Ligand SMILES: *[C@@H]1O[C@H](CO)[C@@H](O)[C@H](O)[C@H]1NC(C)=O
Ligand SMILES: [Zn+2]
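In mature numbering (1 follows the signal peptide of the UniProt record, and there is no 0), the protein residues as written are -24 to -1, 1 to 384.
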């Protein structure tokens, strides 16, 4: 008799403990989800689309195409998102094909953070970091790389523009409340977004540690070695990355993106839930055989040592938490001349824009809303300590790990 209440009590306590994180995380309501603006269909037209069409050209580092797409990105942010700070991170390197000639690799960084953290100097805002590479592969000749990664770049432009409408309100509210003034602080709301459009992801000859990821290696190195002033919240720009979400090889029909990393499975689950809820609400237009993100229920013991070599690697090795949005298997058109605008599945492209936008709004809502900083997102904590801890874990795993396939 007496053991039953005890058991029940125990059970109840356990359920309660398990339930707390779930209760604390506030997903967007159905109404909020429906209100997230979708892409304008014409933006993703492959011939005339304001976002996508200008990227569908060869854009090999050191060629005129590189400068053309850079101008497209800079013009877009200058014209449509003047609140976003634009910066470059440039480097040069020789490649196996260039002989002694230095090839330019130029990363673009578009950043939006709360006005009150900006006023207090750099290194205060945690930054949700959304990433794609904009360079295209040098061969086969005329290669466009529509999924690799023109479409992901266009998706991120859409995300930036949509999220700005949301951020403007949140930041105005923070300013009205006097955040950052007279010591009024709320670190949980010191959250911004940055978009990294990286250069030189592709190998020139054959994928190796030195012939690939030119832009990502240079940027992650520079960020790790550029300390912020002593009184900043974060030690350097690398540590400011709250989550590194890398989009790659997206735009073919029926993608299946696995959950690659146990450390960020919480974020994967959030994105997968956004997808399934949007489908149930009729907010997506593609009709895939399976969900784009089919592994929300993946068990801990099923996380293996398999990952895909890509721009996240140098950041992850330095401690950034990574969500890698790349399908396995790769699209059929991968690294073939057919990876062009005509072979994109535009409903899938636009659905990615919808899903990533809603995920981003929800992420920022969790940081800026009532629940406080990342509460219940499943993260262990925030800021320096977490970054350091995750650094050790991921580093170890990566050494043990085996890369699959070639880099994308
Ligand atoms: C980086 O390169 C771009 C493109 O050539 C140029 O416009 C920009 O001023 C450079 N920025 C820096 C910081 O060197
Ligand atoms: Zn590629």
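By construction, the Cβ of each residue, glycine as well, lies at the ideal position given by its N, Cα and C atoms. These numbers were taken from a predicted model, which means no experiment stands behind them.
| query | result |
| --- | --- |
| Please report how far the alpha carbon of residue 32 lies from the alpha carbon of residue 153, in whole angstroms. | 44 Å |
| Which whole-angstrom value is the C-beta distance of residue 291 and residue 298, which I expect to be below 8 Å? | 7 Å |
| From the DSSP output, in three-state form, read off residue 141 for me. | helix |
| What's the call for residue 258, buried or exposed, on a 16-neighbour Cβ count within 10 Å? | exposed |
| Identify, in the order they occur along the chain, each residue of the same chain with its Cβ nearer than 6 Å to the Cβ of residue 24, setting aside the five sequence neighbours on each side. | none |
| Using the C-alpha atoms, what's the distance from residue 267 back to residue 40? | 39 Å |
| If I'm right that residue 172 touches residue 85 with Cβ under 8 Å, what's the distance once you round it to whole angstroms? | 6 Å |
| Let's test the definition: count the other Cβ atoms within 10 Å of the Cβ of residue 64 and tell me whether it reaches 16, buried, or not, exposed. | exposed |
| Please name the residue, chosen from 66, 156 and 58, that lies closest to residue 197 on a Cα-to-Cα basis. | 66 |
| Taking Cβ positions, are residue 228 and residue 138 nearer each other than 8 Å? | no |
| Residue 196 lies in the alpha helix (DSSP H); which residues open and close that run? | 190 to 200 |
| Would you tell me roughly how many angstroms separate the C-alpha atoms of residue 243 and residue 176, rounded to the nearest one? | 27 Å |
| If you compare alpha carbons, which of 303, 92 and 238 is closest to residue 150? | 92 |
| Considering only C-alpha positions, which residue in the set 127, 240, 94 and 107 is nearest to residue 279? | 240 |
| Could you tell me whether the segment 269 to 283 touches the segment 332 to 341, using the rule of 3 or more Cβ pairs below 8 Å? | no |
| Can you find the residues in the same chain that come closer than 6 Å, C-beta to C-beta, to residue 168, ignoring five residues on each side of it along the sequence? | 88, 89, 101 and 103 |
| Which whole-angstrom value describes the C-beta separation of residue 111 and residue 178, a residue pair presumed to lie in contact below a C-beta threshold of 8 Å? | 6 Å |
| Taking 5 Å as the limit, tell me which residues put their C-beta closer than that to any heavy atom of ligand 1, in chain order. | 64, 66 and 82 |
| Consider the C-beta atom of residue 48 and the heavy atoms of ligand 4; say whether any pair is separated by less than 7 Å. | Of the ligands one can find in the structure shown, namely ligand 1 and ligand 2, none is ligand 4. |
| Just to confirm the assignment, what range does the beta strand (DSSP E) spanning residue 288 have? | Segment 288 to 293 is the alpha helix (DSSP H) holding residue 288; no beta strand (DSSP E) there. |
| Would you mind stating whether residue 57 and residue 136 have Cβ atoms separated by less than 8 Å? | yes |
| Just to confirm, does residue 285 get its C-beta within under 7 Å of one of the non-hydrogen atoms of ligand 2? | no |
| From which residue to which residue does the beta strand (DSSP E) around residue 251 run? | It is not in any beta strand (DSSP E) - residue 251 instead sits in the alpha helix (DSSP H) that spans 241 to 256. |
| Where does residue 25 sit, in a helix, a strand or coil, going by DSSP? | coil |
| Can you tell me whether residue 97 is helix, strand or coil according to DSSP? | coil |
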